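Numbered by this note's numbering, the letters in the sequence shown go through residues 744 to 1115 in order. We put the beta carbon where it would ideally sit given N, CA and C, even for glycine. Only a predicted model underlies this, so the values are computations on that prediction, with no experimental measurement involved. Here the structure comes first, spelled out in structure tokens, and everything after it is commentary.
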Amino acid sequence: MKKNSTENVWRVLGLESSCDDTAASVLKIVDNNKEKKVEILSSIVFNQNKLHVNFNGVVPEIAARAHCEKIDICTKEALKKASLSIKDIDLISVTSGPGLIGGLLSGVMFAKGLARGLKIPLIGVNHLAAHCFSVKIFHKINFPYLTLLVSGGHCQFLIVKNVDSFVRIGGTIDDAPGECFDKIATFLGIGYPGGPLVELKSKNGNENRFPFPKPLMDNTCNMSFSGLKTAVKRETEKLIANQGGLYHVDVEDICASFQKTTSEIFKYKTMNAIKFFNNNFEGDKNLAIVGGVAANKKIRHELQKVAFQNDFKYLTVPAQYCTDNAAMIAYLGFEKFILKNHNNLDLVVKPRWPLDQTSTPILGFGKRGAKA
Ligand code: KG4
Ligand code: ZN
């Protein structure tokens, strides 16, 4: 860290390997005790899509091996892009959970080795918390704030109160929306990962052709997507049985109708979450949308309208920082480190690590409770 009388300059290395993206990022953070200026010097992501495409999902052992093979190369590239040497790094932040244990171990062991060799502090962070904090890289925002975290494995409404204090006010009782985008893309035969491809096909589709169901339209913040996914599958099978296959226009209309239905579920549930926030919390009214599915333009646009109609400020991040990246890991690590100033060289990985440890498991989370 470079210090002068008025400000501290930090260079933080972030490392991410919890699922199927190996990522490294370097942030420069100028902290003058009143505010922090964050600059993303580099953010490198090596995705593993090609390795998993034939299995229609992430294979944990293949993912772990690929992280092991790539994490040092990824880190070198992040340093090169930032025009820095490893000796310029002041702090290392690594994802230590939740996620696939092999991937988490690859990242944490690598980070420990580096931190010990360089004699610099190491901090372990929760991947989901890092998604929630990603908006703070781009916006000045006070606690508490309302967040919709929506990705390939998770979907939750959270109130973010601090670096390690989150209140979960609702979430999916079954599938995560990103998983549905991926599965639908697979059975439509358009590729993997499905989110960006379904969005692309939706562009020219008729979003009103298929009135898909919207389950769980009650006054809670819980959501359900598995019935919607099954309805899309049935409609596809029906078309194939009747026509002997799918025309391009069918694929486009199915994608657009599914995307519209999903964004309507989010719209409705976000209104419930806003009501909950207004009734239970004081302070600025901020709505953050984060996680891979938050990259979807239609969903972003609809939720921006909901925020505006309810006098909430709408906050999100550029699409490449919605999906998994290490800039968000570096940023949360920094916030945690300056608050608690502890070194995590004895860090252990936590494949299950719920953000809100106190709220009761949502129905559908399974016998062992929430993973995250
Ligand atoms: O946050 P993320 O990179 O990884 C997890 O932590 O899960 O999210 C990945 C998910 C995938 O399911 C992907 O299909 C989805 O985000 N996704 C999208 C879009 N881009 C990525 N879903 C809808 N529209 C998109 N444009
Ligand atoms: Zn993620």
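query                                                                                                                                                                    : result
Would you list the residues sitting across from Val769 in a DSSP beta bridge?                                                                                            : Leu756, Ser785
Buried or exposed for Gly846, please, with buried defined as at least 16 other CB atoms from any protein chain shown within 10 angstroms of its CB.                      : buried
Hey, Glu750 and Val773: beta-carbon distance below 8 Å or not?                                                                                                           : yes
What does the alpha-carbon distance come out to for the pair Cys811 and Phe953?                                                                                          : 44 Å
With H, G and I counted as helix, E and B as strand and the rest as coil, what does DSSP make of Tyr1074?                                                                : helix
Report whether the distance from the Cβ of Ile942 to the nearest heavy atom of ligand 1 is below 7 Å.                                                                    : In the sequence under discussion, the amino acid at residue 942 is Glu, which differs from the Ile named in the question. At least one heavy atom of ligand 1 is nearer than 7 Å to the Cβ of Glu942, so yes.
Please specify which runs of the alpha helix (DSSP H), each continuous and at least 4 residues long, are wholly inside the region 1040-1065, giving them in chain order. : 1040-1052
Under DSSP, the beta strand (DSSP E) around Tyr888 begins and ends at which residues?                                                                                    : 888-893
Should Leu1075 go down as buried or exposed, given a rule of 16 or more other Cβ atoms within 10 Å for buried?                                                           : buried
Is any heavy atom of ligand 2 found at a distance shorter than 7 Å from the C-beta of Asp1067?                                                                           : yes
Using DSSP with H/G/I as helix, E/B as strand and the rest coil, what is Ser839?                                                                                         : strand
For the alpha helix (DSSP H) that Ile880 lies in, which residues bound it at each end?                                                                                   : 870-881
Is Gly867 a contact residue of ligand 1, with contact defined as CB to any heavy atom under 7 Å?                                                                         : no
Is there contact here, the region 832-839 with the region 856-871, by at least three beta-carbon pairs under 8 Å?                                                        : yes
Please return the same chain residues whose Cβ sits closer than 7 Å to the Cβ of Ala1069, not counting the five positions on each side in sequence.                      : Gly757, Leu758, Glu759, Ala766, Ala767, Ser768, Ser786
Return the chain-ordered list of same chain residues with a C-beta closer than 7 Å to the C-beta of Lys1028, the five sequence neighbours on each side being excluded.   : Asp1054, Phe1055, Lys1056
Does DSSP put Gln1100 in a helix, a strand or coil?                                                                                                                      : coil
Please classify Ala984: is it buried, with 16 or more other beta-carbons within 10 angstroms of its beta-carbon, or exposed?                                             : exposed
Pro887 to Gly1026, Cα distance in whole Å?                                                                                                                               : 7 Å
Are there three or more Cβ pairs, one per stretch, closer than 8 Å when the region 921-929 is compared with the region 888-907?                                          : yes
Check whether the Cβ atoms of Asn1086 and Pro864 lie closer than 8 Å to each other.                                                                                      : yes
For a quick check, are the C-beta atoms of Gly970 and Pro956 less than 8 Å apart?                                                                                        : yes
So for Cys898, helix, strand or coil by DSSP?                                                                                                                            : strand
In the DSSP assignment, what residue or residues form a beta bridge with Ser908?                                                                                         : Asn905
What residue from Gly800, Glu1078, Val752 has the CA that sits closest to Tyr935's CA?                                                                                   : Gly800
By Cβ distance, which residues of its chain are closer than 7 Å to Val1049, with the 5 residues on each side in sequence left out?                                       : Lys1010, Thr1013, Met1014
Round the Cβ separation of Asp815 and Phe789 to the nearest angstrom and send it over; I've been treating them as touching at under 8 Å.                                 : Wrong, their Cβ atoms sit about 11 Å apart, outside the cutoff.
Along the chain, where does the alpha helix (DSSP H) that runs through Ile805 open and close?                                                                            : 803-824
Closer than 7 Å to a non-hydrogen atom of ligand 2 - does that hold for the CB of Ser786?                                                                                : no
Any heavy atom of ligand 2 closer than 7 Å to the beta-carbon of His795?                                                                                                 : no
Nearest to Glu1124 by alpha carbon, out of Asn792, Asp996, Ala821?                                                                                                       : Outside the displayed range of the chain (744 to 1115) lies residue 1124, so it cannot be described from this structure.
Looking only at its chain, what residues have a beta carbon closer than 6 Å to the beta carbon of Gln1100, apart from the 5 residues adjacent to it on each side?        : none
Keeping to the same chain, check which residues put their C-beta closer than 6 Å to that of Glu820; ignore five residues upstream and five downstream.                   : Ile787
Should Pro1061 go down as buried or exposed, given a rule of 16 or more other Cβ atoms within 10 Å for buried?                                                           : exposed
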